[in-house]
Amino acid sequence: MSSERTGSTHMQIGEVAARTGLSLRTIRHYEETGLVTPSARSQGGFRLYTGTDVARLMVIRRMKPLGFTLDQMRDLLDATDRLDTGEKLTAAEREAVLERVRGYEQDAAEQVEKLRTQLARAEEFAATLRERLKPGPAS
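The numbering used here numbers the first residue of the sequence shown as 10 and each following residue consecutively.
This is the structure:
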């Protein structure tokens with residue numbers, strides 16, 4: 010259920026799960042490991058999330074199948090948070106943060122290429138099986 014508070018929309022964990030395709034258990038796990046923190050709590054103690062929290066969860070969801078660890082996810086989120094918050098960074102600090110993000114982009118691109126190769130092999134295998142299932146000449 011969404012509610013309006015101080016100009017931002019808050020969602021309970023069930024709505025966040027529906028929007029992200031993540032289970033409640035997974036969202037709670039990411040909370041326990043410090044990857045995401047609910048922006049607020051309702052009077053009844055329910056976790057309340059914002060669109061920003063959902064965006065963080067989507068980053069995590071996209072990193073997971075590429076084999077990134079929780080520590081890597083945390084590091085990337087920290088780097089993007091530093092860039093997004095308007096924090097005053099020196100030119101050297103900003104370049105160092107951008108370099109961290111570039112490293113993750115390169116790692117992601119490499120994993121995507123590996124997945125494309127695996128998918129192509131899987132498609133070839135499925136095609137081979139389909140060919141075997143075609144009716145042959147009568148014996």
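Note that the Cβ used here is the ideal one computed from N, Cα and C, for glycine as well.
Same chain only: Cβ atoms within 8 angstroms of residue i, ignoring 5 sequence neighbours per side
i: residue 36; result: 22, 25, 26, 29, 45, 66
i: residue 94; result: none
i: residue 55; result: 21, 22
i: residue 50; result: 56, 57
i: residue 43; result: 83
i: residue 63; result: 20, 25, 28, 29
i: residue 40; result: 46, 47, 56
i: residue 70; result: 29, 30, 31
Distance CB(residue i)-CB(residue j) smaller than 7 angstroms
i: residue 88; j: residue 68; result: no
i: residue 127; j: residue 75; result: no
i: residue 92; j: residue 113; result: no
Close-in-space but distant-in-sequence residues of the same chain around residue i (CB under 7 angstroms, 5 per side omitted)
i: residue 13; result: Reliability of the predicted coordinates at residue 13 is poor, the pLDDT of 38 falling under 50, and the value obtained from them is presented with this limitation in mind. The answer is none, since no qualifying residue turns up.
i: residue 32; result: 26
i: residue 117; result: 75
i: residue 139; result: none
Range of the contiguous alpha helix (DSSP H) that encloses residue i
i: residue 33; result: 33 to 41
i: residue 30; result: Residue 30 -> no alpha helix (DSSP H), and no H or E assigned at all.
Cβ neighbours of residue i in the same chain (closer than 6 angstroms, five flanking residues each side left out)
i: residue 131; result: none
i: residue 16; result: Because the pLDDT at residue 16 is just 41, under 50, the model does not fix this residue reliably, and the value given afterwards should be weighed accordingly. None.
i: residue 72; result: 82
i: residue 145; result: none
Secondary structure, alpha helix (DSSP H): runs of 4+ residues fully inside the segment 47 to 126: 60 to 72, 79 to 93
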